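This report refers to the structure that appears directly beneath it.
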Amino acid sequence: MGLTFQHTTLGQRVLFGSGKAAEHLAGEVDRLSARNVMVIASARERPEAERVTAGISTALPYDDVAPHVPIDKAEKARKAATDNGIDLLVCVGGGSTIGMAKAIAMTTGLPIIAVPTTYAGSEATNVWGLTEASRKITGVDDQVLPVTVVYDAELTLSLPAELSIASGLNALAHCIDSMWAPRADPINQALAGEGIRALNGGLPAIRTNSDDLRGRELALYGAYLSAVAFASAGSGMHHKICHVLGGRWNLPHAQTHATVLPYVLAFNAPAAGDAARRIAAAFGADTSTAGLNALRETLDAPQALKDYGFVEGNITEAVQLILPVIPESNPRPVTEDNLTVLLTAAYAGTAPDADWTESQP
Ligand code: NAD
């Protein structure tokens, strides 16, 4: 078969450099001729935001940020932006803070400069998310894609080791799921492969010493690649599962991704052909699952959904919610039975080893 595919590259400026965020941000604010800047950062992210915005004038500091962007908070923030004549949104923080900036941009069309402080990757996607009455809805809109991303690994040094590992594995999940997602193509697969390589180098360095700046840089670079690959390839089976679990039972985002990933890889790998070979090569391992399992062992990665608030009694409902949204592109057919086995194992933290994979219905 010939090489035939369609690929879209999203337009975005990326400025990467440790200790350079304030300088890079000031340059971008100038370049965009912005006069009334709203700086969004949660109370926890305020110290990083203050460092980064030292060289610009802030018209409106804003810290009313919550996970999964509740719609009432989004509406309040949109009104604040409009009432204050804001012409640029700067967000400094994790995916929740970037999500708030996206919610404002969605209705106002304001440009965003994102300064990420975790490895979640929202800064490099055109995907927004909002929560209303415990229901998370997401959509795609190029208006929410930040015009510029300013990466500075020094800003991630304060992210505790446990959260850094979970967040880094969330980025790794973007890479692995991109390999078989609905719009997977050789370009986003190449980016995902390089993302796996970078995260596989950076995360163990952070686990050994959470102040390792070189490890933090590698992880941040990998997180960016993972998000570009994910934005281009779309959500695969892994993201569909985590989206349902996170939205329905309010599970923590990064830890849920970190826990579910080995089960989805072990499930799909035997049927994934070239995608599995690419993942193995990126890890420098004999097989994709051996590569991921070795990394997870080094990292002492999150093990079981039961540790994050998911109870066994939820599995039946989860299966019903997840089954209809599994993409047709998934390498292996997903049934009520094999999804129940997968979720039961992820709930309990039963290692997804070779025997587990073979025993799938
Ligand atoms: P988060 O933004 O909720 O941050 C987790 C915690 O870490 C928060 O308490 C935050 O204040 C703290 N924190 C952030 N940076 C820190 C730092 N440098 N030092 C110390 N503490 C720090 O979690 P997240 O995992 O970054 O993002 C998850 C959210 O992002 C979810 O709502 C998810 O749906 C969304 N997301 C969206 C996309 C997208 O493309 N739209 C992609 C990935 C994630």
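Using my numbering, you'd call the opening residue of the sequence shown number 17 and step up by one each time. The beta carbon of each residue, even a glycine, is placed where N, CA and C say it ideally should be. Just so we're clear, the structure is a prediction, and the values are computed from it rather than from any experiment.
>> For a test of your reading of the model: does the CB of R62 fall under 6 angstroms from any non-hydrogen atom of the ligand NAD? Yes or no.
In response: Counting from one through the sequence shown, the residue named residue 62 turns up at place 46. No; taking the cut-off as 6 angstroms, the Cβ of R62 has no heavy atom of the ligand NAD nearer than that.
> Where does the unbroken beta strand (DSSP E) through M195 begin, and where does it stop?
Replying inline: Translated into the one-based positions of the sequence shown, residue 195 becomes position 179. Where M195 is concerned, there is no enclosing beta strand (DSSP E), given that its DSSP letter is neither H nor E.
>> Can you list, in chain order, the residues of its chain with a C-beta nearer than 8 angstroms to that of L261? Leave out the 5 residues immediately preceding and following it.
In response: Stepping through the sequence shown from its first residue, residue 261 is reached at position 245. If we look at L261 and ignore the five residues flanking it on each side, its Cβ neighbours are L267, T272, V276, L321, F326, A334.
> Quick one, which of L76, L219, F246 has its alpha-carbon nearest A235's?
Replying inline: By one-based count along the sequence shown, residue 235 stands at place 219. Cα-wise, what sits closest to A235 is L219.
> Can you list the alpha helix (DSSP H) stretches of 4 or more residues lying completely in the region 255–309, in chain order?
Replying inline: DSSP runs (the alpha helix (DSSP H)) wholly in the region 255–309: 269–284, 290–299.
>> Relative to the C-alpha of E91, which candidate in D302, D201, T134, A121 has its C-alpha closest?
In response: In the sequence shown, counting from the first residue as 1, residue 91 sits at position 75. Minimum Cα distance to E91 is reached at A121.
> Going along the chain, which residues of its own chain have a beta-carbon closer than 6 angstroms to the beta-carbon of M54, five neighbours each way excluded?
Replying inline: Residue numbering aside, residue 54 sits at position 38 when the sequence shown is read from its first letter. Close CB contacts of M54 within its chain, under the 6 angstroms cut and outside five residues either way in sequence, are with L76, Y78, A97, I102, L105 (chain order).
>> In the DSSP output, what is R62 paired with across the bridge?
In response: For the purposes of this step, residue 62 is identified with residue 46 of the sequence shown, where counting begins at 1. By DSSP's assignment, R62 forms no beta bridge with any residue.
> Going along the chain, which residues of its own chain have a beta-carbon closer than 6 angstroms to the beta-carbon of I257, five neighbours each way excluded?
Replying inline: Here residue 257 corresponds to residue number 241 of the sequence shown, with the count starting at 1. Here the set comprises V276, I338.
>> Need the endpoints of the beta strand (DSSP E) that V106 sits in, please.
In response: The residue labelled residue 106 in the question sits at position 90 within the sequence shown. Start and end: 104–109.
> Looking at C-beta atoms only, is the number of pairs between the region 161–179 and the region 131–138 that lie closer than 8 angstroms three or more?
Replying inline: They touch, by the three-pair rule.
>> Just to confirm, is the Cβ distance from G263 to K152 under 7 angstroms?
In response: As a working mapping, residue 263 is identified with position 247 in the sequence shown. As a working mapping, residue 152 is identified with position 136 in the sequence shown. Yes. Within cutoff.
> What are the uninterrupted segments assigned as alpha helix (DSSP H) that are 4 or more residues long and contained completely in the region 305–363, given in chain order?
Replying inline: For the region 305–363, whole alpha helix (DSSP H) runs of length 4 or above, ordered along the chain, are 331–338.
> Can you tell me where the beta strand (DSSP E) with I128 in it begins and where it stops?
Replying inline: Residue 128 sits at position 112 when you count from the first residue of the sequence shown. That run of the beta strand (DSSP E) goes 128–132.
> Between S242 and L188, which are expected to be in contact by the criterion C-beta below 8 angstroms, what is the C-beta distance as a whole number of angstroms?
Replying inline: Here residue 242 corresponds to residue number 226 of the sequence shown, with the count starting at 1. Here residue 188 corresponds to residue number 172 of the sequence shown, with the count starting at 1. With a beta-carbon spacing of about 7 angstroms, S242 and L188 fall inside the 8 angstroms limit used to define contacts.
> What residue range is occupied by the uninterrupted beta strand (DSSP E) comprising E148?
Replying inline: Counting from 1 along the sequence shown, the entry for residue 148 is found at position 132. In this chain, the beta strand (DSSP E) harbouring E148 covers 143–148.
> What do you reckon, are the CB atoms on G211 and I222 nearer than 7 angstroms?
Replying inline: Here residue 211 corresponds to residue number 195 of the sequence shown, with the count starting at 1. Here residue 222 corresponds to residue number 206 of the sequence shown, with the count starting at 1. Not in contact: G211 and I222 (Cβ atoms no closer than 7 angstroms).
> Quick one, are the C-beta atoms of A274 and A182 less than 7 angstroms apart?
Replying inline: By one-based count along the sequence shown, residue 274 stands at place 258. By one-based count along the sequence shown, residue 182 stands at place 166. Result yes, Cβ atoms of A274 and A182 sit closer than 7 angstroms.
>> Our contact map puts S226 next to S180 with C-beta atoms below 8 angstroms; I'd like the distance itself, whole angstroms only.
In response: Locating residue 226 in the sequence shown gives position 210, where the first residue counts as 1. Locating residue 180 in the sequence shown gives position 164, where the first residue counts as 1. That belief holds up - the Cβ atoms of S226 and S180 are roughly 6 angstroms apart, short of 8 angstroms.
> Whose CA, out of F299, R199, L26, K89, lies closest to the CA of Q159?
Replying inline: Start at 1 with the first residue of the sequence shown, and residue 159 comes out as number 143. The shortest Cα separation from Q159 among F299, R199, L26, K89 belongs to L26.
> Got a sec? Which residues, its chain only, sit under 6 angstroms from A270 by beta carbon, not counting five neighbours each side?
Replying inline: For the purposes of this step, residue 270 is taken as residue 254 along the sequence shown, with counting starting at 1. So the list reads A182, S183, N186, once near-sequence residues are dropped.
> Are three or more beta carbon pairs between the region 80–94 and the region 136–143 nearer than 8 angstroms?
Replying inline: No, because fewer than three Cβ pairs between the region 80–94 and the region 136–143 fall closer than 8 angstroms, the two stretches do not touch.
> Residues in its own chain within less than 7 angstroms of Y363 by CB, not counting five upstream and five downstream?
Replying inline: What you label residue 363 is simply residue 347 of the sequence shown in a count that begins at 1. So the qualifying residues of the chain are A320, L321, K322, F326, E328, I331.
>> Looking only at its chain, what residues have a beta carbon closer than 7 angstroms to the beta carbon of A317, apart from the 5 residues adjacent to it on each side?
In response: Reading the sequence shown from its first residue, position 301 is the one you call residue 317. Counting only Cβ-Cβ distances below 7 angstroms, and skipping sequence neighbours, we find I181, L185, A274.
> If you compare alpha carbons, which of P162, N204, T69, H23 is closest to V30?
Replying inline: Along the sequence shown, read from residue 1 onward, the residue named residue 30 stands at position 14. Considering only alpha carbons, the answer is P162.
> Is G307 near A296, with beta carbons less than 7 angstroms apart?
Replying inline: As a working mapping, residue 307 is identified with position 291 in the sequence shown. As a working mapping, residue 296 is identified with position 280 in the sequence shown. Yes, Cβ-Cβ distance for G307 and A296 is below 7 angstroms.
>> Please state the DSSP three-state secondary structure of A367.
In response: Here residue 367 refers to the residue found at position 351 of the sequence shown. Looking at A367 - three-state DSSP - the assignment turns out to be coil, as it is neither helix nor strand.
>> Closest to S34 by C-alpha separation, out of D157, D228, N100, N284, would be which residue?
In response: Reading the sequence shown from its first residue, position 18 is the one you call residue 34. Checking every option, the nearest Cα to that of S34 belongs to D228.
> So which of L175, R94, I87, G217 has the shortest CA-CA distance to L315?
Replying inline: As a first step, residue 315 is located in the sequence shown; it is residue number 299 there, counting from the start. Nearest option by C-alpha distance: G217.
> Which one or two residues does DSSP pair with T154 in a beta bridge?
Replying inline: Reading the sequence shown from its first residue, position 138 is the one you call residue 154. Answer by DSSP bridge pairing, in chain order: G145.
> Which residues in the same chain have their Cβ closer than 7 angstroms to the Cβ of G125, if we skip the five residues on either side of it in sequence?
Replying inline: The residue you call residue 125 lines up with position 109 of the sequence shown. These residues qualify, in order along the chain: Q159.
>> Here's the rule: buried if 16 or more other CB atoms are within 10 angstroms of the residue's CB, otherwise exposed. What is Q205?
In response: Taking the sequence shown and counting its residues from 1, the one referred to as residue 205 is at position 189. Sixteen is the threshold: when 16 or more other Cβ atoms of the shown chains lie within 10 Å of the Cβ of Q205, as they do, the residue is buried.
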